[in-house]
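Residue numbers (full-length UniProt numbering): 1 to 84. Positions of the beta carbon are idealized from the N, C-alpha and C atoms, including for glycine. Small disclaimer: the values here were computed from a predicted structure and weren't measured.
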């Protein structure tokens, strides 16, 4: 797939959202913004790489084996928001 490099200007609040997302998801700014654009325009949201798929599978297996160590997404999201 051909790519083009562009420069964009973001309000500080959006920039911080991108920075938090990339830190949490261990992704590049480009990947975070590409996913946001795909979501906005209705394309596939996220296609994990082989390594990401392996890590996701391992995390799901661990969660199934130790459900007491899991948390609801609403709890995780609330914690992330308090870190702002």
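Taking C-alpha positions only, residue 12 is separated from residue 18 by approximately 10 Å. Note that the C-beta distance between residue 63 and residue 70 is below 8 Å. Rounded to the nearest angstrom, the gap between the Cα atoms of residue 23 and residue 67 is 25 Å. Between the alpha carbons of residue 3 and residue 50 lies a distance of about 21 Å. The alpha-carbon of residue 9 is positioned some 19 Å away from that of residue 38.
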